[in-house]
Structures are given as structure tokens and as C-alpha cells.
Ligand SMILES: Cc1cc2nc3c(=O)[nH]c(=O)nc-3n(C[C@H](O)[C@H](O)[C@H](O)COP(=O)(O)OP(=O)(O)OC[C@H]3O[C@@H](n4cnc5c(N)ncnc54)[C@H](O)[C@@H]3O)c2cc1C
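In my numbering, the protein residues as written are 1 to 474.
Here you go:
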């Protein structure tokens, strides 16, 4: 079971999102520092790498491009082999891991939406944020068409994903011109009817999860009026204390207060008045509504027609329902109340947290169970769907540290096969069309050339079939 110190360490990293790529980086760093040989297969069920960096981060966030370049440069190391279009659990299984690798690191992220658990949630026109995000970011498995026919929409949730969804809903086609969205998404936005988006939070603004930078970005959208109800900015002692101690929350509330002040200066006596004035001037509106808990999505003929909200009031660090109910007219509801990881066939999974049970990154047989030899995890599937891209770097380093400690302790088994072609042969036998590094390079080049033709950096290919065709043509 011991690994000779001069042998090649073979690792499968499952998932090429930020956590997977940072795990690759940590493994390479270890190999460089210790003069060891290493081969890392980085698998992804998509033909393209980078996970939510490509299919989650909003296309109008160009500052993220720097991170994309970092991930690209890590992925370009010849010791890392990209094996795209390979779904772990189907094309390759846990039983295959010891055949080819000393260890596997599962970094498969999260792509499902959490639900609100209220009546009407499944009416036509009620969506999960992840569904919308995967569409506008051109995820190859997303719905092809998205009807942006709602004039009024509600986004439930007060985190950065809610801000992304609200901002994208009020973007004009011209404002998305320079982005890398695929052509079919561009066409979808050009027909958008959305004019008002209400962002709804159960708690007060002091407890919103927005980051100040993301919130301020909303204020930079041309032609957009941001409406805040001044009554929402009244704080009890608990909230005031929280604001004093949490700088980020303080900045968020300051920004909201600045918008409320601008509204008052413009002579609008109420949020309703500010909204009506912006709309009659031909503008678009994002309106924040705090202390409101959605209790029912209302429908007419099976389609969303409104949202019933119950006012809440602070109760210590939590909120309680007041029984005071209001209805707002909306034609679409987007739930942005969190992402959820899906289990991987054959890998332990804790449904209560929707994560792989682990101890610092060592996969356990179950919550509080024993470590499973050779299996590790990193990123959102390890710790839940929170944290920015950079958070996954520390997370992946912690995991790789444990993997190396186990290697040094002789706790990893030697793989049965050491020929790197063996896993490719098995995948071919199983009928899997692998998109390798050169296939991804061909897709990347095609996307860049499509973008150049339209004066932008990239235009994403919008379907798996198109990606596979381009990869095959090389
Ligand atoms: C809408 C949204 C916007 C965001 N915006 C920002 C932002 O602006 N800035 C920021 O810093 N952070 C942002 N984040 C957070 C950031 O995207 C995450 O922190 C990060 O992507 C999590 O990395 P991960 O590698 O764990 O998961 P992911 O990025 O989800 O990567 C997981 C990878 O695993 C692959 N995979 C899944 N299942 C399998 C399988 N069975 N077999 C093989 N491969 C599989 C997936 O295809 C994917 O490529 C955003 C998140 C969301 C949801």
C-alpha cells in the first residue's frame, strides 16, 4: 500500500471549476517543491473547463477575466490533462479510481436551485436563479430559449446571485453587446420586456448578504433607477449593533441609504412614486423590498401573476411574521435562495447539507464516519455553496495537504495501471467522446474568433453539439 518516493503520483480531479483547478495548482506546487513527478487528470462532464467561472459569473463582470487567465495558465501545465465531456458516476466510476489513480479529488460544485417551499413555486414563470444563470451564461445543458416576456419580475433573495439576476434582467441589449454570451442568448435579451425587478428579503438590509462592490455595480447600470423604501432603513438596537461591528453590512446599508436620499431629493415622497416616475420617463427599475417573506406565488391560468408577501419584524437576531400580508403584481419570480450540490453516484453524500461528508477534505463514509481511502473533496461540494472564487483556493490547498499527508504516511494504494493511455482506452471502450486539452483549445480558438468578428473578446458556443464538432475538427 505504500508509494515509493520516486514513483509518479497519479490523481484524478473531478470537476474543472475553480476548486478543481486550484487543487491541480496545489498538487503541482507540491510536486515542484519536492522534486516529484505527478500526472493529474482533470475531468469535467462539460466539454469546456472552469465551472461556474464560465457558467455562473455574470457576463457583465469583466474584472473576473483576470481570474480566468490565472486558471487558464494553471490548466496549461503539461502535467495536467483535461478530460472533458466525461461524467463521473456514469462514464467513470468510483470503482475505476484505484485502477488508474492513487487518489481522486471531487470538486463537482453545485448547480441545482434550493426551493422556497411555498405554494405556486412551480407555476410557469417561476424559476430558479441557477436555471436563468445557466441559460444566459450559455451552459450547454441549459434550456435553449428563455421567454423574457415579464414586464415585472421578483427576485427572492438578498445575496450576490440575486443582484446578478436582477441586474441582468434590467440590462438593455446594447449593454450586453460587449459580453461573451452566445448568440441565442443575445437574441433572447433583445426581446426582453422587463422593466421593474423587485428584490425581496425576509430580513432587514443590515442582514443582507450583498457585498458592497456588487451592490454599487447596480448603481452604474445606465438608465436604471434604484428604489429603496426609507422605512426599510429603520434599525432596531440589534441591527444597529450588528452594523457597528460588520463593516461590509455597514457599507451595504450606507449605499441603500444614499439611494433613498437621492430619491427624496428628487422629490419622491414614497417608493411607489419613485418607481412610477422612473417608468413614465422610459427607465427601468430595481426596487428593494426588505422585511417581506414570500408566502405564495400567485397564478392565473397556470402562470405567475403575483407574489404574496408577509411583512416580518425583527425578533432578536431572527425575524417573526407579523400576519400583515401584501400582494405585488409580477409576471415572473426568480428564486435566488441558494444553490445545491447533487450527489455523485457511489460517493458518500449527506442530503441534510447537500455536501460530501468530509473531514477537512478527506471523504468520510458518512457524517462522523471513517475516511474512505484515496477519496478527497474540495470547493462547494465539500463545504456548501458559499464563498467567492478565491475561497476555493484555500479550500483546495487544505484538501491537497491532507492528500499529501496520506501519501507520505503510506495510506494511498498504488494504482493497478500506470499507462496514462489506459483510462483513455477505457473511456473509448465505453463510447465516451473525450474532449481533451487540444479539443478545448480548438473550442477556445473558435469562440475567440467568433468574438473578434463582432468586436468582442469572445462569443461562447451555445450547445454541446457545436462544442463537440469544433473539438473533433481540431
Ligand atoms: C450565479 C453565480 C455568480 C457568481 N459570481 C461570482 C463572482 O462574480 N465572483 C466570484 O468570486 N465568485 C462568484 N461566484 C462563486 C463562484 O462561482 C464559486 O465560488 C465557484 O465557482 C465554486 O467552485 P467549485 O469548483 O466548487 O464549483 P463549480 O464552479 O460549480 O465547478 C464544478 C465543476 O464540476 C463539474 N462537474 C459537476 N458534476 C460533474 C460530474 N459528475 N463529473 C464531472 N464533472 C462534473 C461541473 O461541470 C463544473 O465544471 C458565483 C456563483 C454563482 C452561482
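C-beta: ideal position from N, C-alpha, C; glycine also.
These figures come from a predicted structure and were not determined experimentally.
Same chain only: Cβ atoms within 7 angstroms of residue i, ignoring 5 sequence neighbours per side
i           : result
residue 194 : 148, 150, 151, 153, 169 and 170
residue 406 : 412
residue 437 : 81 and 82
residue 130 : 111, 112, 113 and 339
residue 349 : 343 and 356
residue 389 : 18, 53 and 67
residue 163 : 210, 214, 215 and 218
residue 422 : 100
residue 275 : 196, 227, 285 and 287
Distance between beta carbons of residue j and residue i, contact taken as under 8 angstroms
i           : j           : result
residue 197 : residue 279 : With 8 angstroms as the limit, residue 197 and residue 279 do not qualify as a contact, their Cβ atoms being about 12 angstroms apart.
residue 199 : residue 252 : The Cβ separation is near 12 angstroms, so there is no contact.
residue 208 : residue 201 : 6 angstroms
residue 84  : residue 439 : 7 angstroms
residue 53  : residue 38  : 24 angstroms between Cβ atoms; not a contact.
residue 332 : residue 125 : 5 angstroms
residue 175 : residue 222 : 7 angstroms
residue 206 : residue 239 : 4 angstroms
residue 155 : residue 336 : 6 angstroms
residue 224 : residue 257 : The Cβ separation is near 18 angstroms, so there is no contact.
residue 462 : residue 182 : 3 angstroms
6 angstroms CB neighbourhood of residue i in its chain, flanking five on each side removed
i           : result
residue 25  : 74
residue 324 : 311
residue 87  : 45
residue 203 : 319
residue 456 : 178
residue 10  : 39, 101, 102 and 415
residue 5   : In this prediction, residue 5 has a pLDDT of 45, which is less than 50 and means its spatial position is unreliable; nothing more can be read from the coordinates.
residue 354 : 340 and 341
residue 2   : Interpretation of residue 2 is limited by its pLDDT of 43, a score under 50 that renders its predicted location unreliable; the figure taken from the coordinates is listed afterwards. Hits under 6 angstroms: 410.
residue 448 : 458
residue 263 : 274
Close-in-space but distant-in-sequence residues of the same chain around residue i (CB under 8 angstroms, 5 per side omitted)
i           : result
residue 244 : 250
residue 226 : 218, 219, 259, 285, 286, 287 and 288
residue 298 : 120, 304, 305, 306, 307, 308 and 327
residue 216 : 255
residue 364 : 348, 357, 358, 370, 371 and 372
residue 160 : 209, 210, 211 and 214
residue 442 : 470, 471, 473 and 474
residue 31  : 9, 37, 38 and 79
residue 475 : Residue 475 cannot be examined here, being either before or after the span of the chain that is shown, 1 to 474.
residue 451 : 180, 457, 458 and 459
residue 404 : 30
residue 346 : 89, 93, 94 and 95
Pick from the options that is closest to residue i, judged by C-alpha positions
i           : options               : result
residue 515 : 50, 29, 384 and 28    : There is no way to answer for residue 515, as the model of the chain reaches only from 1 to 474.
residue 352 : 361, 360, 342 and 359 : 342
residue 166 : 441, 10 and 334       : 334
residue 23  : 447, 106 and 34       : 106
residue 229 : 204, 270 and 235      : 270
residue 21  : 64, 76 and 7          : 76
residue 36  : 28, 257 and 11        : 28
residue 460 : 367, 184 and 239      : 184
residue 464 : 140, 97 and 127       : 140
residue 13  : 263, 302, 361 and 410 : 361
residue 237 : 313, 301, 264 and 384 : 313
residue 384 : 330, 42 and 109       : 109
residue 434 : 33, 41 and 7          : 41
residue 486 : 122, 187 and 96       : An answer regarding residue 486 cannot be provided, because it is not within the stretch 1 to 474 covered by the chain.
Distance cut-off 7 angstroms: residue i Cβ against heavy atoms of ligand 3
i          : result
residue 18 : With respect to ligand 3, the structure offers nothing, as its ligand set consists of ligand 1.
Inset, instruction - For the segment 96-114 and the segment 285-299, state whether three or more C-beta atom pairs, one from each stretch, are separated by less than 8 angstroms. - result: no
Inset, instruction - Entirely within the segment 105-193 and at least 3 residues each: give me those beta strand (DSSP E) ranges in chain order. - result: 126-128 and 152-156
Legend entry - Touching by the beta-carbon criterion (3+ pairs, under 8 angstroms), the segment 375-385 and the segment 60-71: no
Inset, instruction - Examine the Cβ distances between the segment 390-407 and the segment 77-90 and report whether three or more of them are shorter than 8 angstroms. - result: no
Inset, instruction - Evaluate contact between the segment 464-471 and the segment 35-47, counting only Cβ atoms and requiring at least three cross-stretch pairs below 8 angstroms. - result: yes
Inset, instruction - Decide yes or no for the touch test of the segment 413-427 against the segment 97-107: beta carbon pairs closer than 8 angstroms, at least 3 of them. - result: yes
Inset, instruction - Specify whether the segment 89-98 and the segment 425-437 touch according to this definition: at least 3 beta carbon pairs, one from each stretch, less than 8 angstroms apart. - result: yes
Legend entry - Ordered list of beta strand (DSSP E) runs contained in the segment 375-448, each at least 3 residues: none
Inset, instruction - Pick out the complete alpha helix (DSSP H) segments inside the segment 21-64, 4 residues or longer, and give them in chain order. - result: 51-55
Legend entry - Whole alpha helix (DSSP H) elements within the segment 261-323, 4-residue minimum: 271-280
Inset, instruction - Starting from the N-terminal side, write out each stretch of the alpha helix (DSSP H) that is 4 residues or longer and does not extend beyond the segment 335-372. - result: none
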